[in-house]
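Chemist: My structure is below; once you've seen it, I'll send some questions.
Numbering (my numbering), first residue to last: 876 to 1137.
Listed below in structure tokens is the structure:
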């Protein structure tokens, strides 16, 4: 089968509903949960604002439009390599220079929602990943890998979503060994349904924040605050995760979409 045949077949399947487009994105607005950092450590992203310019009125009689105030790493978003100090030297590590061919790729959905519900500090280990591969098939080069925690069910309440106390956030994520293993397989990037790609307590790991540290060191990408991963199969879907083409952008809110066979 030629590539033209494949595209024609895909177009037909999309039109007929044989391939469903699943929205893996949370709503972006003033109520969207945002990362909170210790004030003596770093600045926070400002709150999201949506301002009306006109809506069929004296400021624009036939049209409606808004202007936004939003951080690059707000809501469902993309982390480019330049986001982290380990990835700062990649010329193609910005949102306007990265190779877009890598953004559309098969996605492996590692479902550990039950474990995350039982333990918000759940850490994905090598044993978890290898057991998943033994059941569903190998994770291959050029693919996305995402952790299904069903954490998006908490996104209506910022405190519940961040789940922080005096010791910091308590949210699931990967160990450093898992990220190293996935990078050795040549993945495109790693994604999470939590506020960031790392576990809430990842600042105390070695290296600190291993998903950020190691992914971007290897010119790979991160996806955070993903939604609706419960509607994706473990394997077989295609994930489209494209950031805005921001000049020297370190990341961007995205509309993450998955193509799923029905």
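Yeah, the Cβ is synthetic: ideal placement off N, Cα and C, and Gly gets one too.
Quick check on the DSSP output: what are the complete alpha helix (DSSP H) runs of length 4 or more inside the region 1014-1097, in order along the chain?
Modeler: Runs found: 1033-1037, 1051-1059, 1085-1092.
Chemist: If residue 1114 sits next to residue 982, beta carbons under 8 Å apart, how far is it from one beta carbon to the other, in whole angstroms?
Modeler: 4 Å
Chemist: Looking at the unbroken alpha helix (DSSP H) that takes in residue 879, where does it start and where does it end?
Modeler: 878-891
Chemist: Please list the terminal residues of the continuous alpha helix (DSSP H) segment that includes residue 1002.
Modeler: 1001-1011
Chemist: Under three-state DSSP, which class holds residue 956?
Modeler: In the displayed model, residue 956 falls within a helix according to three-state DSSP.
Chemist: By DSSP, does residue 950 sit in helix, in strand, or in coil?
Modeler: In this structure, DSSP gives residue 950 a state outside helix and strand, which the three-state scheme calls coil.
Chemist: Between which two residues does the beta strand (DSSP E) carrying residue 980 extend?
Modeler: 979-986
Chemist: Could you tell me which of 1096, 1102, 1038 sits nearest to residue 973, measuring between CA atoms?
Modeler: 1096
Chemist: Taking residue 939 as part of the beta strand (DSSP E), name the residues at either end of that continuous run.
Modeler: 935-944
Chemist: Looking at C-alpha atoms only, which residue of 1023, 1013, 1075 is the closest neighbour of residue 1039?
Modeler: Nearest option by C-alpha distance: 1075.
Chemist: Check for me: the beta strand (DSSP E) holding residue 896 runs from which residue to which?
Modeler: 894-898
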